[in-house]
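Asks: In UniProt numbering, the protein residues as written are 1 to 552. Ideal Cβ positions, reconstructed from N, Cα and C, are used throughout, including at glycine.
Shown next, in the form of C-alpha cells:
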C-alpha cells in the first residue's frame, strides 16, 4: 500500500511539473508573438536597432528586451528609446502581462495609444517625444502600479481623463506639450505621493483645483503656457516641499501674492509667474526661500520699489522683473545691494518706472553677469564707466531711456558682448575706436574686433564715410542695420563672408552708384537675406542681386 501511494505521489508530481513547463511554454510563445507583431508595425528603423529581432536569437536577447529571472521567458521591460523608430505601437503589447517598464521615448511613433489596461504590473510608461495622436485611453487607469507616466511632447488631444486620479502610486505625471483641452481634473489631488506634475504647453482652461493642495510630497508643479485663469487657491501654499512653481503665460492673478509665500514655501528654488496679472508688492518673505535661484515675475502689475532685499538670496542667478511698475527712490542703494549676488547671471528690469541716474555701483555687480536689461525706463545722465567692469556681459540693453553724453571707453572693455542696444537715447559725440563706431563720424575698421556680435543696429544716426571691409569679419552677424545715416561708397565685398546674415538694412544712405549684393553668396539662397527697403532687383550672375536704395 505504501509503495502504491509513493508511486501515485510521484505521478502527480510529474504531471504537475509537466503542466508548469507547458504553461511556461505557452506564455513564452504569447510574449514572442506579441513582440513579433510589434515589429511588423515598425516602418522605419534607420539605425538597424531591431536587426537582432529574428528567430536566430532568443527573444530575451533582442535589443531593448529584458526578461524575468524568476519567470523565464516573460518580458518585463521594453527599452527602445531614442532609436529614430517610426511606425505605430501595436496593441499586441497589451498581452505582455509581466511588463514592468515600457520606454519608447524620443522616437517617431504615430497613431493612437494602444490599450494597455491588462498590464497590471506596469510601473513605468514613457512615450514622450513622439507623434502620438488621439486621446488618452480610459483603460490606462487600470495600470494601478504605475509610478511614472510620461506622455509629454506628443500630439494628444481631448480632456485629461478624471480616472487618472486612480493611479495613486504615481510619483511623476507628465502630460506637457500636447493639445489637451478642458480643465485640470480635481481627481489628480488623490495622487498624494506625486512628486512631479507637468501639464504645461497645452490648451487647458479654468482654475487650478484646490485639491492639488493635497499633494504634500509635490516637488515640481508646471502649468505654464495654458489658459488657466482665476486666483491661486490658498491650498496651493500648503505644499511646503515645493521646489519649482512654474505658472507663467496664463491669465492668473488680479490679486497680490500672499505676503508669507516665502515662509510657507521655504524650499522654493524656481519661481516663474511671468505674463499673468498679479499685482501688489513683491513679498519680502521670498528671502526666506533661501534656495531660490530663479525669480521671473515679468509682465505683471507689481508696483513699489525695486526689491533690493532679494539680494539676500545667495543662490540667486536669474532675476526677471521687466514689464511691471517698479520704481527706485534711492539712486545708488537699490542696485548696490545686488552686488551681494555673486552668482547673478541675468538681471532684467526693463519696462518699469525707474528714474534717475544709472548707479555707478553697477560696476560692482557679479562678474558672472551675462544679461543686463535696463531698457525702456526713465534713466537720465551718462552711462557710468564702471559698467565696463562687467566683463562677462554678452547682452546689454540700455535702449529707450534719456541717457546723454558720449559713449565712453567702457564699451570696448566688454569683449564678450554679442548684443548691444543703445537706440532711442540722446547720446552725442564719438564712439571710441575700441569698438569702432562713431555716432557722428566714420565706422573704423576696429569694429571687426567684436567677433561674437550677432546683431548690430546703428540706424538713425549721422554716420558717414564707407562701410569698413572688416565688417566681413563679424562672422556671427545675423542682423545688420545701418539704415538712415549718411554712409557712402561701395558695399564691401567682404559681405559674402557673412554666412549667417538673415536681415540687412542699408537703406536711406548715400551709397555711390548702385550697391550690389549677391545674396546667393551671402547666405543660403533657400533661406535668403531680407534687405529692408531695397529696390530694383537685377541679375548679375548670382541667384539674387539686390540694389541698396540711396536716400530719395
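Check whether the Cβ atoms of residue 350 and residue 397 lie closer than 8 Å to each other.
Replies: Within the chain shown, the letter at position 350 stands for residue 350. Within the chain shown, the letter at position 397 stands for residue 397. In contact: residue 350 and residue 397 (Cβ atoms closer than 8 Å).
Asks: With DSSP collapsed to three states, give me the class of residue 500.
Replies: In the chain shown, counting from the first residue as 1, residue 500 sits at position 500. Here residue 500 sits in coil by DSSP.
Asks: Using 8 Å as the threshold, is the stretch 262-282 in touch with the stretch 329-338, meaning 3 or more CB pairs across them?
Replies: Not touching, per the Cβ criterion.
Asks: Tell me which same chain residues have a C-beta within less than 7 Å of the C-beta of residue 389, skipping the five on either side of it?
Replies: In the chain shown, the residue the question calls residue 389 occupies position 389. So the list reads 363, once near-sequence residues are dropped.
Asks: In the DSSP assignment, find the unbroken alpha helix (DSSP H) run with residue 335 in it and report its ends.
Replies: Here residue 335 is taken as the residue at index 335 of the chain shown, counted from 1. Residue 335 -> alpha helix (DSSP H) spans 333-336.
Asks: So, using beta-carbon positions, are residue 553 and residue 262 closer together than 8 Å?
Replies: Only positions 1 to 552 of the chain appear in the structure, and residue 553 is not among them; the question remains open.
Asks: Within this structure, are the beta carbons of residue 490 and residue 464 separated by less than 8 Å?
Replies: Along the chain shown, read from residue 1 onward, the residue named residue 490 stands at position 490. Along the chain shown, read from residue 1 onward, the residue named residue 464 stands at position 464. Going by C-beta atoms, residue 490 is not nearer than 8 Å to residue 464.
Asks: Taking only three categories from DSSP, how would you classify residue 484?
Replies: In the chain shown, counting from the first residue as 1, residue 484 sits at position 484. Three-state result, residue 484: coil.
Asks: Residue 403 and residue 383 look like a contact to me (Cβ under 8 Å); what is the Cβ gap, rounded to whole Å?
Replies: In the chain shown, residue 403 corresponds to position 403, counting from 1. In the chain shown, residue 383 corresponds to position 383, counting from 1. Confirmed, Cβ separation roughly 6 Å.
Asks: Have a look at residue 61 and residue 85 and give me their C-alpha separation to the nearest angstrom.
Replies: Position 61 of the chain shown, counted from the start, is the residue given in the question as residue 61. Position 85 of the chain shown, counted from the start, is the residue given in the question as residue 85. Cα-Cα distance, rounded: 19 Å.
Asks: Mind checking whether residue 130 and residue 103 have CB atoms under 8 Å apart?
Replies: As a working note, residue 130 is residue 130 in the chain shown. As a working note, residue 103 is residue 103 in the chain shown. No; because the gap between Cβ atoms is not below 8 Å, this pair is not in contact.
Asks: Is residue 250 closer than 8 Å to residue 222 when the C-beta atoms are compared?
Replies: Here the question's residue 222 lines up with position 222 in the chain shown. Here the question's residue 250 lines up with position 250 in the chain shown. The answer is no: Cβ separation not under 8 Å.
Asks: Any idea what DSSP makes of residue 339, helix, strand or coil?
Replies: Residue numbering aside, residue 339 sits at position 339 when the chain shown is read from its first letter. Helix at residue 339.
Asks: Can you tell me the Cα-Cα spacing of residue 354 and residue 428, whole angstroms?
Replies: The residue labelled residue 354 in the question sits at position 354 within the chain shown. The residue labelled residue 428 in the question sits at position 428 within the chain shown. For residue 354 and residue 428, the distance between alpha carbons rounds to 23 Å.
Asks: Look at the alpha carbon of residue 57 and the alpha carbon of residue 112, and state the distance between them as a whole number of angstroms.
Replies: Residue 57 sits at position 57 when you count from the first residue of the chain shown. Residue 112 sits at position 112 when you count from the first residue of the chain shown. One C-alpha to the other measures close to 30 Å.
Asks: At what residues does the alpha helix (DSSP H) containing residue 473 begin and finish?
Replies: Here residue 473 refers to the residue found at position 473 of the chain shown. Unbroken run through residue 473: none, as it is neither H nor E.
Asks: Work out the CA separation of residue 115 and residue 148 for me, nearest whole Å.
Replies: If you number the chain shown from 1, residue 148 lands on position 148. If you number the chain shown from 1, residue 115 lands on position 115. The alpha-carbon atoms of residue 148 and residue 115 are separated by roughly 17 Å.
Asks: Do residue 488 and residue 458 come within 8 Å of each other at the CB atom, strictly closer than that value?
Replies: Indexing the chain shown from 1 puts residue 458 at position 458. Indexing the chain shown from 1 puts residue 488 at position 488. Result no, Cβ atoms of residue 458 and residue 488 do not sit closer than 8 Å.
Asks: Please classify residue 55: is it buried, with 16 or more other beta-carbons within 10 angstroms of its beta-carbon, or exposed?
Replies: On the chain shown, residue 55 is found 55 positions in, with the first residue counted as 1. Looking at its Cβ environment, which holds fewer than 16 other Cβ atoms inside 10 Å, residue 55 is exposed.
Asks: When DSSP labels each residue in this structure, what does residue 393 get in the three-state scheme?
Replies: As a working mapping, residue 393 is identified with position 393 in the chain shown. Three-state DSSP puts residue 393 in coil, outside helix and strand.
Asks: Under the assumption that residue 265 contacts residue 242 (Cβ atoms under 8 Å), give the Cβ distance between them as a whole number of angstroms.
Replies: The sequence position of residue 265 within the chain shown is 265, counting from 1. The sequence position of residue 242 within the chain shown is 242, counting from 1. Right, their Cβ atoms sit about 5 Å apart.
Asks: Who are the Cβ neighbours of residue 80 in its own chain at under 6 Å, not counting the five residues just before and after it?
Replies: On the chain shown, residue 80 is found 80 positions in, with the first residue counted as 1. These residues qualify, in order along the chain: 64, 104.
Asks: Compute the Euclidean distance between the alpha carbons of residue 183 and residue 344, then round it to the nearest angstrom.
Replies: Here residue 183 refers to the residue found at position 183 of the chain shown. Here residue 344 refers to the residue found at position 344 of the chain shown. Roughly 38 Å separates the two Cα atoms.
Asks: What is the residue span of the alpha helix (DSSP H) that residue 261 lies within?
Replies: Locating residue 261 in the chain shown gives position 261, where the first residue counts as 1. Run containing residue 261: 261-264, per the alpha helix (DSSP H) assignment.
Asks: First and last residue of the alpha helix (DSSP H) that includes residue 410?
Replies: Taking the chain shown and counting its residues from 1, the one referred to as residue 410 is at position 410. That run of the alpha helix (DSSP H) goes 410-413.
Asks: Residue 338 and residue 308: beta carbons closer than 8 Å?
Replies: Here residue 338 refers to the residue found at position 338 of the chain shown. Here residue 308 refers to the residue found at position 308 of the chain shown. Their beta carbons are under 8 Å apart, which means residue 338 touches residue 308 by this criterion.
Asks: Residue 174 bridges to which residues according to DSSP?
Replies: By 1-based counting over the chain shown, the position of residue 174 is 174. For residue 174, which the question treats as bridged, DSSP gives the partners 150, 198.
Asks: Out of curiosity, what's the CA-to-CA distance linking residue 178 and residue 272?
Replies: By 1-based counting over the chain shown, the position of residue 178 is 178. By 1-based counting over the chain shown, the position of residue 272 is 272. Answer to the nearest angstrom: the Cα atoms are 21 Å apart.
Asks: For residue 216, does the count of other Cβ atoms within 10 angstroms reach 16, so buried, or fall short, so exposed?
Replies: By one-based count along the chain shown, residue 216 stands at place 216. By the neighbour-count rule (16 or more Cβ atoms within 10 Å), residue 216 is not buried but exposed.
Asks: State buried or exposed for residue 70, treating a residue as buried only when at least 16 other CB atoms are found within 10 Å of its CB.
Replies: Locating residue 70 in the chain shown gives position 70, counting from the first residue. Label assigned to residue 70: exposed.
Asks: Look at the Cβ atom of residue 386, then the Cβ atom of residue 341, and state whether they are nearer than 8 Å.
Replies: Indexing the chain shown from 1 puts residue 386 at position 386. Indexing the chain shown from 1 puts residue 341 at position 341. No, the pair does not count as a contact, with Cβ atoms beyond the cut-off.
Asks: Please report how far the alpha carbon of residue 82 lies from the alpha carbon of residue 422, in whole angstroms.
Replies: The sequence position of residue 82 within the chain shown is 82, counting from 1. The sequence position of residue 422 within the chain shown is 422, counting from 1. About 45 Å.
Asks: Under DSSP, the beta strand (DSSP E) around residue 277 begins and ends at which residues?
Replies: As a first step, residue 277 must be located in the chain shown, where it is residue number 277. Unbroken beta strand (DSSP E) run through residue 277: 277-280.
Asks: Report yes if the CB atom of residue 455 is closer than 8 Å to the CB atom of residue 471, and no otherwise.
Replies: The residue labelled residue 455 in the question sits at position 455 within the chain shown. The residue labelled residue 471 in the question sits at position 471 within the chain shown. Their beta carbons are not under 8 Å apart, which means residue 455 does not touch residue 471 by this criterion.
Asks: How big is the Cα-Cα spacing for residue 378 and residue 356?
Replies: Residue mapping note: residue 378 aligns to position 378 of the chain shown, counting from 1. Residue mapping note: residue 356 aligns to position 356 of the chain shown, counting from 1. Taking the straight line from one Cα to the other gives about 7 Å.
Asks: Out of 76, 153, 335, which has the shortest C-alpha to C-alpha gap to residue 110?
Replies: The residue you call residue 110 lines up with position 110 of the chain shown. Residue 153 is the option with its Cα nearest to residue 110.
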